[in-house]
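Residue numbering for the sequence shown is 22 to 60, as defined by the working numbering.
Yeah, the Cβ is synthetic: ideal placement off N, Cα and C, and Gly gets one too.
Just so we're clear, the structure is a prediction, and the values are computed from it rather than from any experiment.
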Amino acid sequence: MRHFKSLANIKKASVEEIVEVGVPRKVAEAVQTKLHLEV
């Protein structure tokens, strides 16, 4: 969260961008899946 500053920026980021800041790939994929679910 510190790197991206907001959830909106995390949502815009690719899985690769999230992994680059030290988040494990499986976690990054799960985060992106959860953030992109239609409610």
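Length of the line joining the Cα atoms of residue i and residue j
i, j, result
"Glu41", "Leu58", "23 Å"
"Lys26", "Val44", "15 Å"
"Ser35", "Thr54", "11 Å"
Segment limits, alpha helix (DSSP H) that includes residue i
i, result
"Lys55", "Arg46 to Leu56"
"Lys32", "Leu28 to Lys33"
"Val42", "Careful: Val42 lies outside any alpha helix (DSSP H) and carries neither H nor E."
Inter-residue CB distance, residue i and residue j (contact presumed, cutoff 8 Å)
i, j, result
"Leu56", "Ile39", "Wrong, their Cβ atoms sit about 10 Å apart, outside the cutoff."
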